[in-house]
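K.L.:
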Amino acid sequence: MPNWEVSSVVAVVPPVHPRKLAKVPFVELSEGRLQGVVSSGSDIERVYVSAIAADTHGFSCSTNNNRPCGGLSSWPCKHLHTLVDEAVLQYGAERVARFLRIEPADGVSSGGDIMGRLKGSVEKGGSAMVFSRFLRHLAYLELPANEEPIPELHWFPSTRGEGG
Ligand SMILES: [Zn+2]
Numbered sequence: 000m001p002n003w004e005v006s007s008v009v010a011v012v013p014p015v016h017p018r019k020l021a022k023v024p025f026v027e028l029s030e031g032r033l034q035g036v037v038s039s040g041s042d043i044e045r046v047y048v049s050a051i052a053a054d055t056h057g058f059s060c061s062t063n064n065n066r067p068c069g070g071l072s073s074w075p076c077k078h079l080h081t082l083v084d085e086a087v088l089q090y091g092a093e094r095v096a097r098f099l100r101i102e103p104a105d106g107v108s109s110g111g112d113i114m115g116r117l118k119g120s121v122e123k124g125g126s127a128m129v130f131s132r133f134l135r136h137l138a139y140l141e142l143p144a145n146e147e148p149i150p151e152l153h154w155f156p157s158t159r160g161e162g163g
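By numbering that gives the first Met the number 0, the letter at position 128 of the sequence shown is numbered 127, and the numbering carries on one by one without gaps.
1. Take Arg-100 and list the residues in its own chain whose beta-carbon comes closer than 8 Å to its own, dropping the five residues that flank it on each side.
2. Just to confirm my understanding: we take Lys-118, look at its own chain, exclude 5 residues before and 5 after, and list those with CB closer than 8 Å. What are they?
3. Run the proximity test for Tyr-90: is its beta-carbon closer than 6 Å to any non-hydrogen atom belonging to ligand 1?
4. Among all the DSSP beta bridges, which residues are the ones paired with Glu-27?
5. Let me know if Ala-92 comes out buried or exposed under the rule of 16 or more other beta-carbons within 10 Å of its beta-carbon.
6. Counting C-beta neighbours from all protein chains within 10 Å, is the total for Gly-35 16 or more, i.e. buried, or is it exposed?
7. If we ignore side chains and look at the alpha-carbon of each, how far apart do Ile-51 and Arg-32 end up?
8. Pull up the CB-CB distance for Asn-63 and Val-48, whole angstroms please, since I reckon it's below 8 Å.
9. Does the Cβ-Cβ distance between Leu-79 and Pro-14 come in under 7 Å?
10. Within the present structure, is the beta-carbon of Gly-70 separated from the nearest heavy atom of ligand 1 by less than 6 Å?
11. How many Å lie between Cys-76 and Asp-112 at the Cα?
12. Any heavy atom of ligand 1 closer than 6 Å to the Cβ of His-56?
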């Protein structure tokens, strides 16, 4: 593999612990939210877009079609629990706790610890944006296997020019 090809692959942060991507294909600490995509337990076609705001701990969960999650009440649904568990695997409990401004973060060792310290309530919105980020994330993951020319990379020289 030529050098430029290696260096053009988007760096993905390796998880602290192995994760089951099928259950939570996407999780990130970004835009002031712990946010991600959680597979439905029953319907393979459906995913839930779940998020927790870092500042207010306001939480939200809806399907990729922007329908409200049926499991969401004044308490976080199982998708949010799953999301936090996976975030702990991906980033480590302490980093997730600090991101969510849980003090002290040192005593936090599991997703359950984090869920127990959230003090927010249900919040609307944000799902569409999280989901579009997920789709872009998928596009990047598929890059190495893609044989088609990639428009963003067209300015990389495929061959050395003769004239220099
Ligand atoms: Zn949910």
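Ideal Cβ positions, reconstructed from N, Cα and C, are used throughout, including at glycine.
P.N.:
Taking the geometry as given:
1. Ala-53 and Asp-54.
2. Spatial neighbours of Lys-118 in its own chain (CB-CB distance under 8 Å, excluding positions within 5 residues in sequence) are listed in chain order as His-56.
3. Not under cutoff, so the answer is no.
4. Answer is Gln-34.
5. Taking all protein chains shown into account, Ala-92 has 16 or more neighbouring C-beta atoms within 10 Å of its C-beta and is therefore buried.
6. Label assigned to Gly-35: buried.
7. Between Ile-51 and Arg-32, the C-alpha separation is close to 5 Å.
8. About 6 Å separates the two Cβ atoms, so the contact holds.
9. Contact flag unset, no.
10. Gly-70: yes, Cβ under 6 Å from ligand 1.
11. Distance between the alpha carbons of Cys-76 and Asp-112 is about 16 Å.
12. Taking the Cβ of His-56 as the reference point, every heavy atom of ligand 1 lies at 6 Å or farther away.
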